[in-house]
Amino acid sequence: MTRIQQRWAVPRTGRIRLVLTAGVLLAATMAGTSAAMTDFARLNIIGDSLIESPEFDIGVVRDNGTVEQADTAAGFDWAVAGAAALVPGKSVATTIPVFNNTSNLKADTTFKIVLRNGDGTVAAGIPNILPFLRFTATDEGGKVIFSNVPWDQAKGALGVLEPRWGAVLNQGDRYTRAADGAEKKLNLTITYLDAPGVENYNGGQAAIAVHFDATSVAP
């Protein structure tokens, strides 16, 4: 996906970048007992959307209705509407559909905000607005998972995704719903605080990500 660079015309603006990455990790076995399989997804937060394993997999649905595996370290850019014009005192929001792409295992799914580039800095010389960002998350039913917290407290459980009980999907496939409960939606709101000192961060940005983890659970 081509990343579009944007210039700032509005004073005291910032940009966030949301990138999705995912992969499959098979836990080691010891004494003949297999540990639960795991998968993860990661979203780097930007301005405007996982990989399939034969055993265990979660995925997300892009805004064009297709499956995104996003299994590289670089991740996949998920566009957040309005983020390119985010100014102090305002918020942007996005909804991320996460689904269990495993035919016969449940997926106990958690998520958290993580920093890219070590400290959330986009590049040398660009102010890092991370100290002024606050995060709120709710599930699709409106239940609050966390509210107005800094990045290191922005973590929680999305819940257990039911088995898909259908054919698994591959990168770029048209997403099709399967069994009830195999998909959940995360609503994420990012607020840019209008706090003392923010005027020194004109043109600032932050490189952050949403990282999903899933652990297999027997149905």
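436 is the number of the first residue of the sequence shown in the working numbering; add one for each residue after it. For glycine and all other residues, C-beta sits at the position ideal for the given N, C-alpha and C.
- Residue pairing by DSSP places N535 opposite I493 in a beta bridge.
- For D543, the enclosing beta strand (DSSP E) begins and ends at 541-550.
- Shown here, E634 sits in a helix according to DSSP, grouped into three states.
- Residues of the same chain with a CB within less than 6 Å of the CB of A642, apart from the 5 flanking positions on each side, are R452, R551, N552, G555, V557 in chain order.
- In the DSSP secondary-structure assignment, L568 is bridged to Y627.
- Considering only S651, N637, A649, D648, the residue with the shortest C-alpha distance to A520 is N637.
- In the structure shown, D498 adopts coil according to DSSP, grouped into three states.
- Annotation: A649 to P523 spans about 34 Å, alpha carbon to alpha carbon.
- When only Cα atoms are considered, D608 and T501 end up about 5 Å apart.
- Annotation note: the region 564-609 contains the following uninterrupted beta strand (DSSP E) runs of length 3 or greater, listed N- to C-terminal: 568-574, 579-584, 590-596.
- Counting along the chain, D512 sits inside the beta strand (DSSP E) bounded by residues 511-513.
- Our two residues, V652 and G632, have alpha carbons roughly 47 Å apart in a direct line.
- By the Cβ neighbour-count rule, N635 is exposed, with fewer than 16 other Cβ atoms within 10 Å of its own.
- The three-state reading of DSSP puts A649 in strand, counting E and B together.
- The alpha-carbon separation between T611 and P562 amounts to approximately 42 Å.
- Using a Cβ distance threshold of 9 Å, F546 and G591 count as a contacting pair.
- In the structure shown, A613 adopts coil according to DSSP, grouped into three states.
- Under the 10 Å beta carbon count, N535 is surrounded by 16 or more other beta carbons and is classified as buried.
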